[in-house]
Amino acid sequence: MHEFGHVMHGVLSNTDYASQAGTSVERDFVEAPSQMFEEWARRKESLSLLPQFCSPACPAVDDDLLGRLSTARLYGAGMRYSRQHLYAAYDMATSGAASTEPLALWDTMEGETPLGHVPGTQFPGTFEHIISGYAAGYYGYMWSEVLALDMLSVYGTNLMDPRSGAAFGARYWRRAARRRRQRWFASFSAASRPTPRSWPRLRARGPRPSH
Ligand SMILES: [Zn+2]
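All you need for our numbering is the position in the sequence shown, starting with 1, plus 146.
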């Protein structure tokens, strides 16, 4: 779903120059649209449309099912965010002034986490972001979630509202790459000045487990 969000980011871009389309935005703005689109895979107003396109045998999307989906998604969330923190810390450590042997550094840092390091695994060999321009910016994923949830507020309680979609499109798909992120948010909403401290409030707006 997240990668499909990147596809949508590129497909919906409406800029004069290709170099300003898709993810050609400020680094901490690259992930925000795709993270925002993830919400369509969680909300009732979009998921309840599935039976129109799937087999009649598909289960109805009701509050009970959504509650269980949300519970499953939030299971281990602390572990997931801790892992994200580890990735960011490793990213920062490898981008520092001190010369380090990447695998030895990873073994040490992962070894200090509750789950520890599994001998023989070599996660850094698959950590493509670290050499693809993110540099010491991998921490941005958490920040992007703040931005994504704030951007989502334009839809209110109905992600399928076409007027909200058009309003967002006019503001984002055409203009985001041409503006500094802070200025774009200022134009987006006078009340919309997300900070890292906004995360719990914004996350709490989303679907919560029903039990
Ligand atoms: Zn992404």
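Even glycine gets a Cβ: it sits at the ideal position worked out from N, Cα and C.
If we define contact as Cβ-Cβ less than 8 Å, is Cys200 a contact residue for chain B?
Although the question refers to chain B, the structure presented lacks it and comprises just one protein chain.
| Mind checking whether the beta-carbon of His231 lies closer than 7 Å to any heavy atom of ligand 1? | Along the sequence shown, read from residue 1 onward, the residue named residue 231 stands at position 85. Remark: the C-beta of His231 is outside contact range of ligand 1, defined as less than 7 Å to any heavy atom.
In the structure shown, what three-state DSSP assignment does Gly151 receive?
-> Within the sequence shown, numbered from 1, the residue matching residue 151 stands at position 5. It is helical.
>> My output table needs one value for His275: the three-state DSSP class, helix, strand or coil.
In response: The residue labelled residue 275 in the question sits at position 129 within the sequence shown. DSSP places His275 in helix when its eight states are reduced to three.
- Item | Status (buried if at least 16 other CB within 10 Å, exposed otherwise) for Pro179 | Within the sequence shown, residue 179 is the residue found at index 33, counting from 1. The residue is buried, with at least 16 neighbouring Cβ atoms inside 10 Å.
With respect to the alpha helix (DSSP H) encompassing Pro308, which residues constitute its N-terminal and C-terminal limits?
Here residue 308 corresponds to residue number 162 of the sequence shown, with the count starting at 1. Where Pro308 is concerned, the enclosing alpha helix (DSSP H) stretches over Pro308 to Tyr318.
* Cβ of Glu274 versus every heavy atom of ligand 1: is any distance shorter than 7 Å? -> By one-based count along the sequence shown, residue 274 stands at place 128. No, the Cβ of Glu274 stays beyond 7 Å of every heavy atom of ligand 1.
- Item | 8 Å contact criterion, which Ile276 and Thr240 should meet: CB distance rounded | Taking the first residue of the sequence shown as position 1, residue 276 is located at position 130. Taking the first residue of the sequence shown as position 1, residue 240 is located at position 94. Right, their Cβ atoms sit about 6 Å apart.
When you compare only the Cα positions, how much space is there between Pro353 and Gly168?
On the sequence shown, position 207 is the one that residue 353 refers to. On the sequence shown, position 22 is the one that residue 168 refers to. Residue placement at Pro353 cannot be trusted, given a pLDDT of 43 that sits under 50; the coordinates are not used to answer.
Between the C-alpha atoms of Gln198 and Asp210, what's the straight-line distance to the nearest angstrom? Translated into positions along the sequence shown, residue 198 becomes position 52. Translated into positions along the sequence shown, residue 210 becomes position 64. Taking the straight line from one Cα to the other gives about 20 Å.
Between the CA atoms of Val171 and Thr161 - distance to the nearest angstrom = Along the sequence shown, read from residue 1 onward, the residue named residue 161 stands at position 15. Along the sequence shown, read from residue 1 onward, the residue named residue 171 stands at position 25. Between Thr161 and Val171, the C-alpha separation is close to 12 Å.
ask   = According to the neighbour-count rule (16 or more other Cβ atoms, all chains shown, within 10 Å of its Cβ), is Ser278 buried or exposed?
value = Taking the first residue of the sequence shown as position 1, residue 278 is located at position 132. The residue in question, Ser278, is exposed, as its Cβ has fewer than 16 Cβ neighbours within 10 Å.
Can you give me the C-alpha to C-alpha distance between Ala235 and Tyr221, rounded to a whole angstrom? As a first step, residue 235 is located in the sequence shown; it is residue number 89 there, counting from the start. As a first step, residue 221 is located in the sequence shown; it is residue number 75 there, counting from the start. Going by the C-alpha atoms only, they are around 23 Å apart.
Among the candidates Gly266, Trp345 and Leu298, whose CA atom is the shortest distance from the CA of Glu184?
Here residue 184 refers to the residue found at position 38 of the sequence shown. Per the Cα distances, Leu298.
Review point. Is it right to say Met182 is buried, meaning 16 or more other beta carbons lie within 10 angstroms of its own, or is it exposed?
Key: Position 36 of the sequence shown, counting from 1, holds the residue named residue 182. Label assigned to Met182: buried.
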